Structures are given as structure tokens and as C-alpha cells.
Amino acid sequence: MRGFVASGAWICHTGKVRKVNEDACLFGGSFGGASTSAPMKAALKKPLWVIALADGIGGHRAGAFASREVVAGLEAASEFSQAAIGNVLHETNRKLHEVGRDKAEFEGTGTAVVGLVSGPDGLFAFNVGDARLYRQQTGKLTQITDDDSVERMLIHEGLLVASEGVRSKYMHALTQSVGGSAEYHHLDPHFYPLTVQGAARFLLCTDGLTDMLSLKTIESYIIPQLKPMAAVQSLFSAAMEAGGRDNITIAIVDVEKE
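Mapping of the sequence shown onto my numbering: residues -9 to 248, in sequence order.
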């Protein structure tokens, strides 16, 4: 079948403040639980693939476990339809709840996740939580995914006004995650069909990037003329210089039709 090929770069780092990296990444192989010392190149030449970032919650050990679990489940996927990816997320949600229930040290283990998939349904994005995917068009970034956060819920209901550069106290209060609560909850993953004519560039990131840098600053580093490795390095360096208060995971992906 004809689909899409992907190439790009990624980094997954503890940041300046945290002692443990609770993020994980899947881009040509999975990574989690440590820090990359520099951006890594990746290329996916087959028509069926998944790229994903996860941001664990629930404390150091629990968060790292959850992010690696969802990434491992996606890496092991043998089908790449929206239904199949949804099944992986539902199964991981069930598993994390069981682990959190049965093992006190993993109580509250959960994760946000965002991904980009080339499958029989075409190209699509998915997310649970507040990890994000942006699409670059005409030099601007458009956020494709919608955060599962109290902040976004209040904005949708007209009770809070979105303001660039001003984050509310609700920004990290999630309304949904994979796992993450004492009682089992039904998961409602979000899927976003994507149309690409020729080629497109995407940015996937955890909030360790978006909490540190404004959208305009991020846009300035991923201009089309800048290769993914250089763009990822520039974004990472800027986030660290701004404080690096959280784990930082970034992937820039260039997608083309086969």
C-alpha cells in the first residue's frame, strides 16, 4: 500500500530541575527512563508507522513506568488504524489502573500521550492529556490536538479567555490521562485526521517545552529552512536556558507521500 514516509529528529531529557525523566519517546525505536545527550535522527520508510511522546504522572517511579508502558504498547502494535491505536490506549489504561491498585509504590501511575500515525486510515494524530502536536504551515504553528485540561475545558465553556503567554492555575490539571487515578475510568482518546498534499512538518512535544517558551519563540526555531536536528537542538537549548523546570521531549517530523 502507498502511504507516508517520515524523517526528523527528537530529544528526551530530564531538564535542569527534575531528578528523574518521566517522559518517553517512540520514533524509530522507543526511549524512556534516561536522557539523550543530544538530538537523535530517525527515519521511517515503510507506509505503516507510529511516532509518539508520553509525559508520565504520579511521581517519579510511577510516572516513568506509565510513560514507558504506553510507548511500549504503541511500539508493539501490529495494526495502525484508529481503532487499533485506540485499543492499545484502552489496554494500557486498564493495565496502569491495575498496577496502581495493586502496588502502593505505583499508586496514581498515569501518563499523557500524543502521537502521529500513518496507517490504513491515512495520516492522523491522537492524544490523551496535554502533550501536543502542532502543524507548521506558512511559517506558523497550528495546534492540532486539544489538551485534556481544566484550563481548556473552561475555555471551551466560555469561562476563561485564552491568552498567549499567560497560563492559568488550571494549566496542569488534567481532565483525562491514560491511567492516573485510583478508580478505573473509561478512556476517550482523541483522533484527528490529517491531509497532506506533498509534504508537511509537525512538532510533537511535552509541556516541558510549551511551559518554557511562547508559541512565537517556538515558531522562530522551526522555519522550513532549518533541518530537524538543528531545530530540535535550538528548541531544547532555549527551553533549558528559560529554566528547564520539567522534563523536555521534542520531536520534529517531516512527512511526505510515498
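Where is the CB? At the ideal position from N, CA and C, for every residue including glycine. Nothing here was measured: the structure is a model prediction, and the numbers come from that model.
Alpha carbon to alpha carbon, how far is residue i from residue j?
{"i": "A189", "j": "T99", "result": "37 Å"}
{"i": "D201", "j": "S25", "result": "19 Å"}
{"i": "L144", "j": "K31", "result": "38 Å"}
{"i": "A94", "j": "G169", "result": "15 Å"}
{"i": "K206", "j": "R91", "result": "42 Å"}
{"i": "R142", "j": "D136", "result": "8 Å"}
{"i": "I41", "j": "L199", "result": "18 Å"}
{"i": "D244", "j": "A163", "result": "31 Å"}
{"i": "V61", "j": "V104", "result": "10 Å"}
{"i": "Y174", "j": "I213", "result": "43 Å"}
{"i": "G48", "j": "D120", "result": "15 Å"}
{"i": "R84", "j": "G46", "result": "16 Å"}
{"i": "S227", "j": "G(-2)", "result": "18 Å"}
{"i": "T165", "j": "R191", "result": "29 Å"}
{"i": "W39", "j": "S20", "result": "13 Å"}
{"i": "G233", "j": "S224", "result": "15 Å"}
{"i": "R(-8)", "j": "G129", "result": "28 Å"}
Check whether the Cβ atoms of residue i and residue j lie closer than 8 Å to each other.
{"i": "D111", "j": "S71", "result": "yes"}
{"i": "N77", "j": "H180", "result": "no"}
{"i": "V186", "j": "P29", "result": "no"}
{"i": "F252", "j": "K247", "result": "Since the first residue shown for the chain is -9 and the last is 248, residue 252 is missing from the structure and cannot be characterised."}
{"i": "L184", "j": "A241", "result": "no"}
{"i": "S108", "j": "P37", "result": "yes"}
{"i": "L131", "j": "I208", "result": "yes"}
{"i": "A44", "j": "A102", "result": "yes"}
{"i": "V10", "j": "R235", "result": "no"}
{"i": "E12", "j": "S57", "result": "yes"}
{"i": "L113", "j": "L177", "result": "no"}
{"i": "I257", "j": "Y211", "result": "Absent from the structure is residue 257, since the part of the chain shown begins at -9 and ends at 248."}
{"i": "Q126", "j": "L193", "result": "yes"}
{"i": "L272", "j": "A229", "result": "Given that the chain is displayed from residue -9 to residue 248, the structure contains no residue 272 and the question cannot be resolved."}
{"i": "H50", "j": "N237", "result": "no"}
{"i": "A54", "j": "G22", "result": "yes"}
Under three-state DSSP, which class holds residue i?
{"i": "I1", "result": "strand"}
{"i": "R191", "result": "strand"}
{"i": "M202", "result": "coil"}
{"i": "A56", "result": "helix"}
{"i": "A94", "result": "helix"}
{"i": "R(-8)", "result": "coil"}
{"i": "K130", "result": "strand"}
{"i": "V156", "result": "In this prediction, V156 has a pLDDT of 48, which is less than 50 and means its spatial position is unreliable; what the coordinates show is noted afterwards. DSSP places V156 in strand when its eight states are reduced to three."}
{"i": "G100", "result": "strand"}
{"i": "A85", "result": "The residue asked about is misnamed: residue 85 is Lys in this sequence, not Ala. In this structure, K85 counts as helix in the three-state DSSP scheme."}
{"i": "R235", "result": "coil"}
{"i": "R142", "result": "helix"}
{"i": "N77", "result": "helix"}
{"i": "V7", "result": "coil"}
{"i": "G46", "result": "strand"}
{"i": "P110", "result": "coil"}
{"i": "Y174", "result": "coil"}
{"i": "D244", "result": "strand"}
{"i": "V186", "result": "coil"}
{"i": "F249", "result": "Residue 249 falls outside the range modelled here, since the chain spans only -9 to 248, and no answer is possible."}
{"i": "G22", "result": "strand"}
{"i": "A115", "result": "strand"}
Counting only beta-carbon atoms, is residue i nearer than 8 Å to chain D?
{"i": "A172", "result": "The structure shown contains no chain D; it holds only a single protein chain."}
So residue i and residue j are in contact, right, with Cβ under 8 Å, and what is the actual spacing, rounded?
{"i": "L34", "j": "A(-4)", "result": "4 Å"}
{"i": "E252", "j": "T82", "result": "As shown, the chain starts at -9 and ends at 248. That puts residue 252 outside it, with no answer to give."}
{"i": "T239", "j": "I1", "result": "7 Å"}
Contact the stretch 217 to 234 vs the stretch 57 to 70: 3+ CB pairs below 8 Å: Because the criterion of three Cβ pairs below 8 Å is not met, the stretch 217 to 234 and the stretch 57 to 70 do not touch.
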